[in-house]
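In the numbering used here, the protein residues as written are 52 to 387. One structure is given below, encoded as structure tokens.
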């Protein structure tokens, strides 16, 4: 007997109309396929005509700065894996190192002139572990806490930080390139949401964190690459007098252009500290951030609430370069 098996194409990974109306505090569940009669949403075009298209990658992307240590052979965490930027970028000199998006501004920011090298330490993914948050607040150096929305301790940690005079920003979940295998969590925005849904979701998250003076992206390699998506985000920030800090998880981020067009203050991450969860390696990344600050006038370093990161920051506070001023984002001021 001869059996014939017919294989049908797999359904698209991104959902139809039902997903776009998910509530801000819910974790989106990937749909098994579009409803009958519905066409799947089209994947948005990458911003900036002529820009190199970022290849789809299996892990959430954190771009290495130009002066960062080389990535490990095997990423330690799928949330912190590294991605190589395009080999050639428009308007550059043939190498990715010329692109300021990869590790902060190449030329000194005009507002930095005469102020000496300055550095900011931002800790992402706050909201689940109040004990770690307290330990970070007690460091002898200033830190900025990027707090996730709709987490068990979101409101409590934000209130505690504000009471201690600690700077707080919203760590806004955004769609990664690896979605739906990796879900950014509750309160996330996705490229298939319409403008009204994106703005309502972001507004609800900000209402939960009235202490926030700005936002940065959690994951978001897909969403920050979407010009329509970032254009939808900026009016909410403009209306509330907030800034956007690009964590630079995409080599083709649409955030700088969207922020400039909307008149929203813009910051940019220079170095990730803890792609490798090893205290000595993190200390090396802190030194990398110092070199970046000396060279460019400023450096924003992003870490995460890991025990290794906390220990590295304690050690670094005792041996850091005294020529560099440690400041908050508000004191540093935006690139533009």
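The beta-carbon is built from N, C-alpha and C at its ideal position, and this holds for glycine as well.
Sheet register partners of residue i (DSSP bridge)
i, result
"residue 317", "295"
"residue 376", "169"
"residue 267", "222, 296"
"residue 79", "Partner(s): none; residue 79 has no beta bridge."
"residue 206", "DSSP lists no partner for residue 206."
"residue 278", "Its beta-bridge partners do not exist; DSSP assigns none."
"residue 345", "In DSSP, residue 345 forms no bridge with anything."
Exposure of residue i, with buried meaning 16 or more beta-carbon neighbours within 10 Å
i, result
"residue 175", "buried"
"residue 297", "buried"
"residue 265", "buried"
"residue 290", "exposed"
"residue 386", "buried"
"residue 189", "exposed"
"residue 238", "buried"
"residue 185", "exposed"
"residue 165", "exposed"
Rounded distance between the beta-carbons of residue j and residue i, thought under 8 Å
i, j, result
"residue 270", "residue 224", "6 Å"
"residue 353", "residue 168", "So it is not a contact: roughly 18 Å between Cβ atoms."
"residue 293", "residue 340", "Not a contact, Cβ separation roughly 24 Å."
"residue 171", "residue 351", "5 Å"
"residue 240", "residue 221", "Not quite, the Cβ-Cβ distance comes to about 12 Å (not below 8 Å), so this is no contact."
beta-carbon residue i near the ligand SAH non-hydrogen atom, thresh 6 Å
i, result
"residue 226", "Judged by which ligands are present, the structure shown has none, so any question about the ligand SAH falls away."
For residue j and residue i, the rounded distance between their alpha carbons
i, j, result
"residue 343", "residue 247", "39 Å"
"residue 316", "residue 283", "15 Å"
"residue 377", "residue 193", "7 Å"
"residue 331", "residue 219", "27 Å"
"residue 324", "residue 333", "5 Å"
"residue 381", "residue 259", "21 Å"
"residue 119", "residue 335", "For residue 119, the pLDDT reaches just 38, beneath the cut-off of 50, and the residue's location in the model is therefore unreliable, leaving the point undetermined."
"residue 79", "residue 179", "19 Å"
"residue 371", "residue 245", "46 Å"
Chain D within 7 Å of residue i, Cβ atoms only
i, result
"residue 267", "This model lacks chain D altogether, as it is built from one protein chain only."
**Request:** Kindly confirm or deny that the segment 311-328 and the segment 268-279 touch, where touching means at least three C-beta pairs closer than 8 Å.
**Result:** Taking 8 Å as the limit for Cβ pairs, the verdict is that the segment 268-279 does not touch the segment 311-328.
**Prompt:** Is the number of C-beta pairs between the segment 159-169 and the segment 189-206 that are closer than 8 Å three or more?
**Reply:** The segment 159-169, when compared against the segment 189-206, does not touch it at the 8 Å Cβ threshold.
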